[in-house]
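Q: Please read through the structure below; I'll follow up with questions.
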Amino acid sequence: MRQLGRLLVALGLGSAAAANAQSVSLGAKAGVNRSAFTGDFGLPSNANPFGTRTGIAGGVTLAIGFHEVLAVQVEALYTEKGVVGPDLFRMNIGYVETPVLLRATLPLDGLPFRPMIMAGVAPAWEVSCGAIGRPPYIPELPPPPPMAMDCIGWRTERRDLGGVLAGGVEVPLANVRITAEIRHTSGRTNIARGYPPFSTYNGVWSVMFGTAFSIHR
Numbered sequence: 174m175r176q177l178g179r180l181l182v183a184l185g186l187g188s189a190a191a192a193n194a195q196s197v198s199l200g201a202k203a204g205v206n207r208s209a210f211t212g213d214f215g216l217p218s219n220a221n222p223f224g225t226r227t228g229i230a231g232g233v234t235l236a237i238g239f240h241e242v243l244a245v246q247v248e249a250l251y252t253e254k255g256v257v258g259p260d261l262f263r264m265n266i267g268y269v270e271t272p273v274l275l276r277a278t279l280p281l282d283g284l285p286f287r288p289m290i291m292a293g294v295a296p297a298w299e300v301s302c303g304a305i306g307r308p309p310y311i312p313e314l315p316p317p318p319p320m321a322m323d324c325i326g327w328r329t330e331r332r333d334l335g336g337v338l339a340g341g342v343e344v345p346l347a348n349v350r351i352t353a354e355i356r357h358t359s360g361r362t363n364i365a366r367g368y369p370p371f372s373t374y375n376g377v378w379s380v381m382f383g384t385a386f387s388i389h390r
């Protein structure tokens, strides 16, 4: 319910911006993720047994400008999160993510680009999950090959909510904007909520490039 409430508030802000829109643009973006888990894994000194995993991200964007430098940007992205771990463990979780962001750009005289910052929330819904790892084995014997594992042993929640902070640049070219950004999405949902007292949160760094076309000005 809290996730739904936050999303409705964000959409309400987007609707208010649309009513006073000075510009509207549609676009697409794509890039790569570097994802990790944080939380309490029940290990001494709160050690983290998981390493980062590289995945892909991409989708479409709708930006509603209601000021010379401010806009509300809504996105629909497919994003891969997950980790690697001991014994060749790998976990890949695919999400459909719908960030709702406030974007600010700062025109600078004499420069062909504009600095850009964005902040907001990113509700996400799991659409796929896969894990592999090496099963327990006797050290004196040859190790068995990795095998498929059930994701339910690692996460119980299939919805996520992240806080987003991003920075980058945009290059305006007539009715087209070219963008490059670095984004951090910090998970606020314990996706291992069914295994108290343990906790697991998604954390993702993304590098993305995009193009947007003005459809109203």
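Note that the sequence shown covers residues 174 to 390 in the numbering used here. For glycine and all other residues, C-beta sits at the position ideal for the given N, C-alpha and C. As the structure is a computational prediction, the values presented were derived from the model and not from experiment.
1. With distances taken from CA atoms, which of V269, E313, A353, W327 is nearest G335?
2. In terms of residue numbering, what span does the beta strand (DSSP E) encompassing L199 cover?
3. Below 7 Å between beta carbons: does that hold for K202 and G383?
4. If you reduce the DSSP assignment to three classes, tell me which class S301 lands in.
5. Who are the Cβ neighbours of Y374 in its own chain at under 6 Å, not counting the five residues just before and after it?
6. Return the CA-CA distance between E330 and T362, expressed in angstroms with no decimal places.
7. Here's the rule I'm using: 16 or more other beta-carbon atoms within 10 Å means buried, otherwise exposed. How should R366 be labelled?
8. Tell me, please, which residues DSSP counts as bridged to E270.
9. Using a Cβ-Cβ cutoff of less than 6 Å, which residues in the same chain neighbour R350 once the five nearest sequence positions on both sides are dropped?
10. One question on the structure: do L261 and R207 come within less than 7 Å of each other, judged by their Cβ atoms?
11. Assign P345 to one of three DSSP states: helix, strand, or coil.
12. Count the other C-beta atoms from every protein chain shown that fall within 10 angstroms of the C-beta of I388, then say buried if there are 16 or more, exposed otherwise.
13. Keeping to the same chain, check which residues put their C-beta closer than 6 Å to that of E354; ignore five residues upstream and five downstream.
14. Please classify I311: does DSSP put it in a helix, a strand, or coil?
15. CB-CB under 6 Å to L243, same chain, minus the five flanking residues each way: which ones, in chain order?
16. How do the region 235-249 and the region 220-227 stand: do at least 3 beta-carbon pairs fall below 8 Å, yes or no?
A: Let me spell this out:
1. V269
2. 196-211
3. Against a cut-off of 7 Å, the Cβ pair of G383 and K202 comes out as a contact.
4. strand
5. Excluding its 5 nearest sequence neighbours in each direction, Y374 has C-beta neighbours in its own chain below 6 Å: T211, G212, G360, listed in chain order.
6. 8 Å
7. Under this definition R366 is an exposed residue.
8. L250, A297
9. E343, A385
10. The answer is no: Cβ separation not under 7 Å.
11. strand
12. Residue environment for I388: exposed (fewer than 16 other C-beta atoms within 10 angstroms of its C-beta).
13. Contacts found: A339, G341, M381.
14. coil
15. A277.
16. no
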